[in-house]
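Those sequence lines, one after another, are chains A and B. Letter by letter, the first sequence follows residues 1 to 323 of my numbering. Letter by letter, the second sequence follows residues 1001 to 1323 of my numbering. Quick reminder that beta carbons are idealized off the backbone N, C-alpha and C, glycines included. Computed from a predicted structure; not experimentally measured.
Number of protein chains: 2
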Amino acid sequence: MAVDTAATFEPVAADLPLVDETMQRVSEVEFEWLALLVKHVLAASGKRLRPALTLLAGKMFDYNLALLVPMAASVELLHTATLIHDDTLDKAALRRGLSTVHTVWDANTAVLFGDYMFAASAEMVSRTANVRAMRQFAQTVGIICGGELSQHYRAYDWQVTEEEYFRRIGGKTASLFALATESGAYLSGAPETAAQALGEYGYKLGLAFQIADDVLDLTSDEATLGKPAGGDLLQGNVTLPAIRFIAQAGSQNPIRRFLEAGRPADDLAVVLDAVRASDAPAAAMATARRYVDEAVAAIRGLPICAARESLTTLAAFTLERRA
Amino acid sequence: MAVDTAATFEPVAADLPLVDETMQRVSEVEFEWLALLVKHVLAASGKRLRPALTLLAGKMFDYNLALLVPMAASVELLHTATLIHDDTLDKAALRRGLSTVHTVWDANTAVLFGDYMFAASAEMVSRTANVRAMRQFAQTVGIICGGELSQHYRAYDWQVTEEEYFRRIGGKTASLFALATESGAYLSGAPETAAQALGEYGYKLGLAFQIADDVLDLTSDEATLGKPAGGDLLQGNVTLPAIRFIAQAGSQNPIRRFLEAGRPADDLAVVLDAVRASDAPAAAMATARRYVDEAVAAIRGLPICAARESLTTLAAFTLERRA
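Okay, structure coming up:
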């Protein structure tokens, strides 16, 4: 990763380990095998981008770690729970370089354990004792699930529209980013307009993040991604760069042929070559860049401080990650 | 069912339809196919025992339907969500006489939709704006999932202990009954001792309910159950009557042979005949009866009123249902 997240997270870097410690304590349960499951999924540590967003948003106001740490941990636990179910349904073998739960254990264990982690994230947010945070959390879980269901429902359909795509990634990705930033603000006594601004920042950043992710899935390689390229298309998931490519190529396009032929793995390289040779990936990245600009614009009216600077820098870096 | 639940629920019977209406409104979503899913699972209406428990507990104190209706709806939605995942993992074809979600749609849809209903139940409890209710709700989801995981982990093992069994059903069933009754009490301004008493009532009632259910699964027939008898053993789930039978029959027993042979469906009748010929079912029912007595005893100190009478009657009826 080209981005120095440690530097970007600097205003809250000293406190991020508290979030990790709080998450790890979820593994302190009576059953040894359940503890093993929790440790397994928490060992595959991500960049902790979402918890950092919560702390950075809070840092702009009355920075209260007693509320912000459980909130940040809750957001990351929820993210982890959704990944467990996603990987199980997608039959993905790897996540963050580690074997997925359903491959180490089995699919039924993975479904039940994903449920358990949803519960752990809900219990964690309840530690804020803040009704608004708990309610937004519950609503966000519903929005994420709606986005996932929508993606599942429209899978294998080459005629997915941009409108459907944005509704889907708004649900499955951007809503969680918005929860992370907005809750960080109002849990720290931010004025309502500032909380809304940070919520909008998070939402737009989430859209940009997901678009960049979807472009990389088509244009990058296995060594960089940690999983084979083109995984989205193999799952029948038609993303923005694919939609843009199809719009240019017309109704007789290689993505349609690939999907209608039942997604033969051997034909994937041809599809990827065609997409890469087009300007669809660049067009999608331009859209992501526009959302980054809108995210930064959303918080431009907030007081200048180190945390706001970090959020601004971080937004720009979203497009460069793993590139 | 031999029990006239309408009469038992009498003090709150006029208000139970409000709970149903509130639940049905979950289907008012943008996507028609998601609305169809919600309507499908809510059409298979159960007895609404858990919502009735919440309202009856609240009826003993300052009966506030603005809080009790979303709480009761939340408990029933959570119950529905757990059934969707249970049936999917068990590959069950029917639930309450209707086809299960994974058979009408597919397993992936069922997992995502179960998640969605979990979210709907969490959103519903947030409408109480009561931190204690929201926190107990989240903790209960975790306890239920822990119970389900424990059952899954110990499946196919004929040497499950009674201690393990009670921990499992305490998690997967009794904790939700306790949430239903205890929250009904404290949302209605009950004194803490009364809330605790009603929580204990719910927990003990839940244990009795599950034991009776587990006995019926071994001793009843398909016409009565709405599904084939012996389903638990076919799933490798060794319940209290089975544990009691094994304790009498010794280490060379037909349940062990059945499980070790990979649960051949053709051999199930022999196992069921042996269990039915023993006094293990009656011994398990005696234990259920003891928990009913303890449930009734837990609320004996509360003020005499129609709602308390209903809860007392309802506890006794738990053992007679479908018998």
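Would residue 1044(B) and residue 1098(B) qualify as a contact pair, given that the criterion is a beta-carbon distance under 8 angstroms?
Contact flag set, yes.
By a C-beta neighbour count over all protein chains shown, 10 Å radius and 16 as the cutoff for buried, is residue 51(A) buried or exposed?
So residue 51(A) ends up on the buried side.
With a CB to CB cut of under 6 angstroms and the five nearest residues on each side skipped, what residues in its chain are close to residue 1061(B)?
Counting only Cβ-Cβ distances below 6 angstroms, and skipping sequence neighbours, we find 1188, 1189 and 1190.
What is the C-beta distance between residue 1131(B) and residue 111(A), in whole angstroms, given that I count them as a contact (C-beta under 8 angstroms)?
For a cut-off of 8 angstroms, the C-beta gap from residue 1131(B) to residue 111(A) is around 29 angstroms, too long to register as a contact.
Run through chain C and tell me which residues come within less than 7 angstroms of residue 153(A), C-beta to C-beta.
Absent here is chain C; the protein component of the structure consists of chains A and B.
Taking the alpha-carbon positions, what's the residue 220(A) to residue 1083(B) distance?
Rounded to whole angstroms, residue 220(A) to residue 1083(B) spans 41 angstroms at the Cα level.
Residue-level contact to chain B via CB, residue 131(A), 8 angstroms cutoff
The C-beta of residue 131(A) comes closer than 8 angstroms to at least one C-beta of chain B.
Measuring straight from C-alpha to C-alpha, what distance separates residue 311(A) and residue 1123(B)?
The alpha-carbon of residue 311(A) is positioned some 30 angstroms away from that of residue 1123(B).
For a cutoff of 8 angstroms on Cβ pairs, would you count residue 1139(B) as touching chain A?
Cβ-Cβ to chain A under 8 angstroms: yes for residue 1139(B).
Please decide whether residue 1232(B) counts as near chain A, where near means a Cβ-Cβ distance under 8 angstroms.
With its beta carbon at least 8 angstroms from every one in chain A, residue 1232(B) lies outside the interface.
By DSSP, does residue 1099(B) sit in helix, in strand, or in coil?
Strand.
Measure from the C-beta of residue 1(A) to each C-beta in chain B and report whether the shortest distance is under 8 angstroms.
With a pLDDT of only 40 at residue 1(A), under 50, the local geometry of the prediction cannot be trusted, and the value read off the model is given with reservation. Taking 8 angstroms as the CB threshold, residue 1(A) stays off the interface with chain B.
DSSP three-state label for residue 1094(B), please.
Assignment of residue 1094(B) by DSSP, reduced to helix, strand and coil, places it in the strand class.
Taking only three categories from DSSP, how would you classify residue 227(A)?
DSSP places residue 227(A) in coil when its eight states are reduced to three.
To which residues of the same chain is residue 1183(B) closer than 7 angstroms at the C-beta, ignoring the five residues directly before and after it?
Spatial neighbours of residue 1183(B) in its own chain (CB-CB distance under 7 angstroms, excluding positions within 5 residues in sequence) are listed in chain order as 1054, 1071, 1133 and 1136.
With 7 angstroms as the limit, tell me which residues of the region 1082 to 1110 of chain B have their beta carbon closer than that to any beta carbon of chain A; keep them in chain order.
Residues of the region 1082 to 1110 of chain B with a Cβ closer than 7 angstroms to any Cβ of chain A, in chain order: 1085, 1089, 1108 and 1109.
Run through DSSP, which three-state label would residue 1323(B) get?
Residue placement at residue 1323(B) cannot be trusted, given a pLDDT of 38 that sits under 50; what the coordinates show is reported in the next sentence. Looking at residue 1323(B) - three-state DSSP - the assignment turns out to be coil, as it is neither helix nor strand.
Any beta carbon of chain B sitting closer than 8 angstroms to that of residue 27(A)?
Residue-level contact by beta carbon fails for residue 27(A) and chain B, as no gap is shorter than 8 angstroms.
Please classify residue 1070(B): does DSSP put it in a helix, a strand, or coil?
If DSSP states are grouped into helix, strand and coil, residue 1070(B) belongs with the helices.
If I follow the unbroken alpha helix (DSSP H) through residue 1145(B), where does it start and stop?
It spans 1131 to 1153 - the alpha helix (DSSP H) in which residue 1145(B) sits, taken as one unbroken run.
Are the beta-carbon atoms of residue 1319(B) and residue 1289(B) separated by less than 8 angstroms?
Their beta carbons are under 8 angstroms apart, which means residue 1319(B) touches residue 1289(B) by this criterion.
Between residue 148(A) and residue 156(A), what straight-line distance do the alpha-carbon atoms span, to the nearest angstrom?
C-alpha of residue 148(A) to C-alpha of residue 156(A): approximately 14 angstroms in a straight line.
So which residues on chain B does residue 119(A) lean against when the C-beta distance must stay under 9 angstroms?
By Cβ distance, chain B contributes 1118, 1138, 1139, 1140, 1141, 1142, 1143, 1144, 1145 and 1146.
Starting from residue 123(A), find everything on chain B with Cβ-Cβ shorter than 7 angstroms and list it in chain order.
Identification of chain B residues near residue 123(A) by a Cβ-Cβ cut-off of 7 angstroms yields 1138, 1139 and 1142, ordered along the chain.
Express the C-alpha separation of residue 1228(B) and residue 1256(B) in angstroms, rounding to a whole number.
So the alpha carbons of these two residues sit roughly 20 angstroms apart.
Status (buried if at least 16 other CB within 10 Å, exposed otherwise) for residue 105(A):
It is buried - the Cβ of residue 105(A) has at least 16 other Cβ atoms within 10 Å.
Taking 6 angstroms as the limit between beta carbons, can you name the residues of its chain near residue 1069(B), skipping five residues before and five after?
Contacts found: 1018, 1019 and 1022.
From what residue to what residue does the alpha helix (DSSP H) around residue 301(A) run?
Note, residue 301(A): premise wrong, no alpha helix (DSSP H); not H, not E.
Please state the DSSP three-state secondary structure of residue 1221(B).
Residue 1221(B) sits in coil when the DSSP states are folded into three classes, being neither helix nor strand.
Residues that residue 1050(B) contacts on chain A, provided the C-beta gap is smaller than 7 angstroms
Those within 7 angstroms of residue 1050(B) in chain A number zero; the least Cβ separation is about 18 angstroms.
Give a yes or no on whether the minimum CB-CB distance between residue 278(A) and chain B is below 8 angstroms.
The beta carbon of residue 278(A) does not come within 8 angstroms of any beta carbon belonging to chain B, so the residue lies off that interface.
What in chain A is Cβ-close to residue 1060(B), meaning under 8 angstroms?
Correct list: empty, because the minimum Cβ distance to chain A is about 25 angstroms.
Of all Cβ atoms in chain A, is any one closer than 8 angstroms to the Cβ of residue 1177(B)?
It does not; no Cβ of chain A falls within 8 angstroms.
Assuming residue 194(A) and residue 302(A) make a contact with CB atoms under 8 angstroms, what is their CB distance in whole Å?
Confirmed, about 6 angstroms.
Could you tell me how far apart the beta carbons of residue 142(A) and residue 1120(B) are, in whole angstroms, since I believe they sit closer than 8 angstroms?
Distance from residue 142(A) to residue 1120(B) at the Cβ level is roughly 6 angstroms; contact confirmed, criterion being Cβ atoms closer than 8 angstroms.
Beta-carbon of residue 1245(B) versus every beta-carbon of chain A: anything under 8 angstroms?
Answer no: the Cβ-Cβ gap between residue 1245(B) and chain A never drops below 8 angstroms.
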